[in-house]
Ligand SMILES: *Cc1c(COP(=O)(O)O)cnc(C)c1O
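Numbering (this note's numbering), first residue to last: 35 to 394.
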C-alpha cells in the first residue's frame, strides 16, 4: 500500500493507531467473540463501550456533571434544526460566518425569530465579526456561533459577549483540537467526521439547566434533547460503531497524545509550518485575517485558477490527497486535523516550495 496524506475536510483522516486497533478488534471485540457492529445496543458489552466513551470524553475535557454527553444522528445539519426547535422561544442571535451558519440561520428562521448579530459576508467570510453586547437583540434566548469555519479557515479566538443569554456553538471542525472549557457554553455540538471518528454520529455536550428552558411544542421525541438524556442516547438504536470509534479516538488523544494541551501544541506547530511558508511565498497566499486564522483548516490560492488546478493535480500525483478548496470558494485547502501527522505538513510544505520554484 502506498502512503498518502489525506487533507480532506471531512470525513477526514483518522489516527493510524486507531484504525489498526479497530482492525484488530474487527472480528472479536474485547473477547466478546463478535464485532462491535454485531452487538446488541442493549448488551452489557455495548453499554460498557458507551460508558467508556463518555468517561474518556469527560476526563479529556474535564466535563462537569452538570453537562450531559449525547450521541445523535443526522449530522451537524440536523442540529441546525434541533437547536431552534428546542430553544428558540423569543428569538436567536446568530453570527453569520459562512456556509454553516447560513444553513443554521435558514433553519432557525423556519422555527422562530432570528437576529443577525454579526456578519462577515462583506469580505467572503475571511474574518470573524467582533461583536459587542450592544449588537445583540435584547429579547433573544441565545447566541449561536460556528466556532471554526471549515470552508473559509476562520476561528473564534475569543467567544462573543452573550450576557443574559445562552451560548450555543457548532464545534464540528475544532472539537478536541485544543483544550475545551465546556462551562463557557450552554451547548456544543460536533459532527464526528472531522476530528472524532467516522461520519454518522454527532456529539452534543449540553448543560442540564438549558433543558429546563425548552419549547413545549417539539414535534417528535427524536428531535427533543430530553429524549436522549432520559434514554442515555439509546431511545432508538444509536450509531453503535461510530460511538465505539469516537471512544477509540478519545483514548488515543488521552494515551498516545497525552491530552488536549499536547494536542493543541502539535496543531499549532503544524499550522505555523504552513502559515509561515504561505506568508513568505511569492506564489501562494492565505486570504484570512491573521488574528482569525484557523489552526486546522487552511485555505490558500495562487491567484491563478489554472495554476491552482495544476498544483492540485501534481499534489495528488505526489500523494497529497483532497487539497481542492470547497466548491463555493475554489483554490486549495489543507485540513490538518488532529490525525494529520506533523510529517504530513512538513512534506506538503516541501512540495509547495518545489512547485513554487518550478513554476515561478
Ligand atoms: C462539516 C460541518 C457541518 C456539517 O456537518 P454534516 O454532518 O454534514 O451535517 C456543520 N458545521 C461545521 C462547522 C462543519 O465543519
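C-beta: ideal position from N, C-alpha, C; glycine also. Every value quoted in this text rests on a predicted model; they were computed, and no experiment measured them.
{"Query": "For the stretch 78-111, which segments carrying the alpha helix (DSSP H) assignment without a break, of at least 4 residues, lie completely within its bounds, in sequence order?", "Result": "78-95"}
{"Query": "Let's see if you can read the secondary structure: which residues bound the beta strand (DSSP E) around residue 180?", "Result": "176-180"}
{"Query": "So, helix, strand or coil for residue 401, using DSSP?", "Result": "The question about residue 401 has no answer here: the residues shown for the chain are numbered 35 through 394."}
{"Query": "Can you give the Cα-Cα distance for residue 363 and residue 322, rounded to whole angstroms?", "Result": "13 Å"}
{"Query": "Three-state secondary structure (DSSP) at residue 39?", "Result": "strand"}
{"Query": "Tell me the rounded alpha-carbon separation between residue 224 and residue 242.", "Result": "18 Å"}
{"Query": "Give the secondary structure of residue 453 by DSSP, where H, G and I count as helix, E and B as strand, and everything else as coil.", "Result": "Given a span of 35 to 394 for the chain in the structure shown, any question on residue 453 remains unanswerable."}
{"Query": "Determine whether the beta carbon atoms of residue 117 and residue 274 lie at a separation below 8 Å.", "Result": "no"}
{"Query": "So, for residue 145: in the same chain, excluding its five sequence neighbours on each side, which residues have a beta-carbon less than 6 Å away from its beta-carbon?", "Result": "118, 119 and 122"}
{"Query": "Can the beta-carbon of residue 151 be found less than 8 Å from the beta-carbon of residue 165?", "Result": "yes"}
{"Query": "Measure the alpha-carbon distance for residue 289 versus residue 89 and round it to whole angstroms.", "Result": "14 Å"}
{"Query": "In terms of residues, what are the limits of the beta strand (DSSP E) holding residue 127?", "Result": "126-130"}
{"Query": "Which residue or residues does DSSP assign as beta-bridge partners of residue 120?", "Result": "None; residue 120 has no bridge partner."}
{"Query": "Compute the Euclidean distance between the alpha carbons of residue 304 and residue 174, then round it to the nearest angstrom.", "Result": "39 Å"}
{"Query": "Quick check on this structure: which residue in 385, 392, 378 and 393 has the alpha carbon closest to the alpha carbon of residue 49?", "Result": "378"}
{"Query": "In whole angstroms, what is the alpha-carbon distance linking residue 168 and residue 194?", "Result": "11 Å"}
{"Query": "From the DSSP output, which residues share a beta bridge with residue 184?", "Result": "Answer is none; residue 184 lacks a bridge partner."}
{"Query": "Taking 7 Å as the cut-off, does the CB of residue 228 come closer than this to any heavy atom belonging to ligand 1?", "Result": "yes"}
{"Query": "Which runs of the beta strand (DSSP E) spanning at least 3 residues fall entirely within the stretch 201-285, listed in chain order?", "Result": "221-225 and 236-241"}
{"Query": "If residue 179 and residue 203 are in contact, beta carbons under 8 Å, what's the gap, nearest whole angstrom?", "Result": "5 Å"}
{"Query": "Spell out the partners DSSP gives residue 332 in its beta bridges.", "Result": "368"}
{"Query": "Just reading off the beta strand (DSSP E) that residue 398 is part of, what are its end residues?", "Result": "Any question about residue 398 goes unanswered here, given that the chain covers just 35 to 394."}
{"Query": "Which residues in the same chain as residue 137 place their Cβ atom closer than 8 Å to its Cβ, once the five residues preceding and following it in sequence are excluded?", "Result": "111 and 114"}
{"Query": "If we ignore side chains and look at the alpha-carbon of each, how far apart do residue 351 and residue 40 end up?", "Result": "13 Å"}
{"Query": "Does the beta-carbon of residue 207, which I'm using as the reference point, lie nearer than 7 Å to any heavy atom of ligand 1?", "Result": "yes"}
{"Query": "Could you pull the DSSP bridge partners for residue 319 from this structure?", "Result": "335"}
{"Query": "Kindly give me the distance between the Cβ atoms of residue 43 and residue 184, rounded to whole angstroms, as I take these residues to be in contact under 8 Å.", "Result": "6 Å"}
{"Query": "Going by the DSSP bridge assignment, what does residue 355 pair with across the sheet?", "Result": "40"}
{"Query": "When you compare the CB positions of residue 229 and residue 372, do they come within less than 8 Å of one another, or not?", "Result": "yes"}
{"Query": "Contact between the stretch 234-248 and the stretch 90-107 is defined here as three or more beta-carbon pairs at a separation below 8 Å; is this criterion met?", "Result": "yes"}
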